[in-house]
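> Residue numbers (the working numbering), protein chains in the order written: chain A, 1 to 339; chain B, 1001 to 1339. Glycine included, every Cβ here is placed at the ideal spot set by N, Cα and C. Structure incoming, see below.
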DNA sequence: GGCAGCCTTAAGCTCTGCTGCATTCTGGGC
DNA sequence: GCCCAGAATGCAGCAGAGCTTAAGGCTGCC
């Protein structure tokens, strides 16, 4: 195999026109260059330079190799700039898995900011459902996954979790419900109420059950819907009450009008909470893109958490909590596993 | 600058999937590969491999560099095959300068054989006139030049001359000339004849003058034409006699018919001769292409010299001795210089 | 004919780079 | 739950690549 280092030296000799000039340009002694050329000629099996009295002259083979060295040099320079772009975050790609209610309020704004700050980065967002995204992250098929996970969940080896926000559950009641008159409810106030389930088994539902359990009761789910928007519709229809996380509330920000279908009330003592985390590979080197995206996620989460200051009677009509308005299966509950 | 050797090792690691496998494929120990990868990461300034428990996984930067290494590897392989083609004579180029009367009988058949034996070789033939081709050869702008040169001419430094043939001069006489009755003339027989000059000053004319000088006379040029074909026309018109080298005789081989315009007779005692040589750079490495072409030249010259066995009365109609039939300025006399 | 410039060769030395071995860590099997 | 195989890395050591200095041969110019 031809030594590319020597080919670069040959290129210098050919462009400079002499061994001495090439040595000067490269910071070597003429002797070093001469020896390298002799070695390269042995590798090539044919003369590359024609010793013509005073000075040298490239042979056809020498010109060929020098041209090739130039092309390779260009290629390497290209690789270096591409590498620098990657290193500084000017280019790159990131693969993100999210679940529906986290899409609109967290993933989307974070991605928007990432694309603003790093326009050259290609991002691939995919809805988690119905798979558990954690194996995808571990296997390296995705870089970041938004998951719901308990604070005290056991660590998963190979993964690192960064906390984004605690999404507090609110009680959703029919406006005519007696408890709707109060501004704040205790969880036990709902112990005897018929519940509209909005979550499939998973960490989200676990958060609700845990809170109810510590409040001393088990909710009586009279109907189970797969997503928060539908559950709110059931509440509006008077079927029962529901516990819906803030990010799952159907409440287009700034849109307060509409026919009143339900009211939202804070719940305390205890307040059910689901924790939303970003999962990344523990071994993944944190480049500028990943760092920027995690930062954007955190900021978007803080924004989303702060945006629910004075939630009160809101009207619900349509529109699921999903990303892009696809009113399908909301509320994915990626399991952080029993492991 | 990125070390391309290390990039090739990185490529092996990425394609193999592990340091150990790459080491096995490359014939190294895993330790060596690991150290090279560490060095390359330092050069790149960013992690290239993600250490993931058991085994490694390329990062985006690692994949980028590995892809680039693949491209470079292809490029080098391409260069190697091109080099091998050049070395074995499958490709190449050769630049040849010739003079008109040598074109048809020597350069053309030699080139034809070269193209038959080395179809991939590009040849560039150029007529010498009106320049002296020797500086072109010395400067490397041409590889081979056909020249006329005395056997005892002093060597030109930097050039090597290979003898191709001695082109013997023949007497060209009007058919009605008294000497036309004889089969062979002595040069002195022509001493008193009016001569039709066919050559510009140069080694060809020198050969004639030398021979005449040693025969004891100086030819009396009553008319000077620049080429052999025209000179033969003058002879046919009865203006005088001419001395024309065999290769300059207008005699389409195999075509004996036509209106008789002149006769050709051998001349001896002494027989004027011009020596035709191929000049190449002394320092030029003799690759297969050059070697093959010189061999073909020699064979073509032998063929051409042998083809004039029984020259006798021949008819001349048209057709110059030039290459391709361009009946222009024939008889170029490249000077081998007074040096 | 002498001199300057260029390329080369020889000897020596530095440093890269590979080997061998020990260590650490993970993942699977018993 | 323990143990072992497999994989990567770190360290000492050595061989060889590669650079430098010094000297020599050659060419071209003054």
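What residues from the stretch 127 to 145 of chain A come within 8 Å of chain B, judged by C-beta to C-beta, listed N to C?
140
> Grab me the residues of residue 90 of chain A's own chain with a C-beta within less than 6 Å of its C-beta, minus the 5 sequence neighbours each way, in chain order.
Answer for residue 90 of chain A: 120, listed in chain order.
> Is there at least one Cβ from chain A nearer than 8 Å to residue 1017 of chain B's Cβ?
Closer than 8 Å: no.
> Under a CB-based cut-off of 8 Å, is residue 317 of chain A close to chain B?
Reliability fails at residue 317 of chain A, whose pLDDT of 35 lies under 50, so the model's placement of it is uncertain and the value that follows must be treated cautiously. So no, residue 317 of chain A is outside the interface.
> Thinking C-alpha only, which one of A:160, A:129, A:174 is nearest residue 196 of chain A?
A:174
> Tell me whether the stretch 99 to 109 of chain A and the stretch 139 to 149 of chain A touch, counting them as touching only if at least three CB pairs, one residue from each stretch, are closer than 8 Å.
yes
> Since residue 9 of chain A meets chain B, which of its residues come closer than 9 Å, beta carbon to beta carbon?
Ordered by position in chain B, no residue passes the 9 Å Cβ test against residue 9 of chain A, which lies about 13 Å from the chain.
> Residues of chain A with CB closer than 7 Å to the CB of residue 1114 of chain B, please, in chain order.
Chain A residues near residue 1114 of chain B: none, gap ~15 Å exceeds 7 Å.
> Check whether the Cβ atoms of residue 352 of chain A and residue 250 of chain A sit closer than 8 Å, and answer yes or no.
No answer is possible for residue 352 of chain A: it lies beyond the span of chain A, which begins at 1 and ends at 339.
> Mind pulling the chain B residues with CB within less than 8 Å of residue 166 of chain A?
Neighbours of residue 166 of chain A across chain B, judged by C-beta separation under 8 Å, do not exist; the nearest C-beta is about 31 Å away.
> Beta strand (DSSP E) containing residue 95 of chain A: first to last residue?
92 to 98
> Using a C-beta to C-beta distance shorter than 9 Å, which residues of chain A count as neighbours of residue 1177 of chain B?
By Cβ distance, chain A contributes nothing, its closest Cβ being about 53 Å from residue 1177 of chain B, past 9 Å.
> Given that a residue counts as buried once 16 or more other Cβ atoms are within 10 Å of its Cβ, and exposed if not, what is residue 42 of chain A?
exposed
> Name the residue from A:14, A:9, A:54, A:157 whose alpha carbon lies nearest to the alpha carbon of residue 27 of chain A.
Closest by alpha carbon: A:9.
> When DSSP labels each residue in this structure, what does residue 1197 of chain B get in the three-state scheme?
The answer is strand: DSSP assigns residue 1197 of chain B an E or B state.
> Check whether the stretch 1148 to 1155 of chain B and the stretch 1121 to 1137 of chain B are in contact - that is, three or more C-beta pairs closer than 8 Å.
no
> In the DSSP output, which residue or residues are listed as bridge partners for residue 1050 of chain B?
Looking at the DSSP output, residue 1050 of chain B shares a beta bridge with B:1057.
> Could you tell me whether any Cβ in chain A is nearer than 8 Å to the Cβ of residue 1361 of chain B?
A query on residue 1361 of chain B cannot be resolved here, the shown segment of chain B reaching from 1001 to 1339 and no further.
> So what does residue 281 of chain A bridge to, in DSSP terms?
A:159
> So, helix, strand or coil for residue 169 of chain A, using DSSP?
Residue state, collapsed to three classes: strand.
> Below 8 Å on the Cβ atoms is my guess for residue 1086 of chain B versus residue 60 of chain A; work out the distance and round it to an integer in Å.
6 Å
> Figure out for me which residue from B:1286, B:1231, B:1282, B:1299 has the closest Cα to the Cα of residue 53 of chain A.
B:1282
> My assumption, with CB atoms under 8 Å, is that residue 1079 of chain B sits in contact with residue 2 of chain A. Please give the rounded CB distance.
7 Å
> Using only the alpha-carbon positions, how far apart do residue 1310 of chain B and residue 1248 of chain B sit?
With a pLDDT of 37 at residue 1310 of chain B, under the threshold of 50, the predicted position of this residue should be treated as unreliable, though the coordinate-derived value follows. Answer to the nearest angstrom: the Cα atoms are 16 Å apart.
> Within 8 Å (strictly less), CB to CB, does residue 65 of chain A reach chain B?
It does; some Cβ of chain B falls within 8 Å.
> Between residue 218 of chain A and the rest of its own chain, which residues show a CB-CB distance below 7 Å, the 5 nearest in sequence each way excluded?
Cβ-Cβ distances below 7 Å link residue 218 of chain A to 212 in the same chain, with the five nearest sequence neighbours on each side left out; the list follows chain order.
> Taking all protein chains shown into account, decide if residue 163 of chain A is buried (16 or more other Cβ within 10 angstroms of its Cβ) or exposed.
exposed
> By DSSP's criteria, residue 1289 of chain B is part of a beta bridge. Which residues make up the other side?
Beta-bridge partners assigned by DSSP to residue 1289 of chain B: none are found.
> So for residue 1217 of chain B, helix, strand or coil by DSSP?
Coil, per DSSP.
> May I ask you to report which of helix, strand or coil DSSP gives residue 1237 of chain B?
Residue state for residue 1237 of chain B is assigned as coil, using DSSP reduced to three classes.
> Sorry if obvious, but does the Cβ on residue 297 of chain A come closer than 7 Å to a heavy atom of the ligand NAP?
With respect to the ligand NAP, the structure offers nothing, as it holds no ligand at all.
> For chain B, check one thing: does any of its Cβ atoms lie closer than 8 Å to the Cβ of residue 252 of chain A?
Low local confidence applies: a pLDDT of 44 at residue 252 of chain A is under 50, so the model's placement there is unreliable, with the coordinate-based value given in what follows. With 8 Å as the cut-off, residue 252 of chain A does not count as an interface residue toward chain B.
> Could you give the residue range of the beta strand (DSSP E) that holds residue 145 of chain A?
Where residue 145 of chain A is concerned, the enclosing beta strand (DSSP E) stretches over 144 to 148.
> Using a Cβ-Cβ distance cut-off of 8 Å, determine whether residue 92 of chain A contacts chain B.
yes
> To which residues does DSSP link residue 126 of chain A through a beta bridge?
A:97
> In angstroms with no decimal places, state the Cα-to-Cα distance between residue 1037 of chain B and residue 83 of chain A.
16 Å
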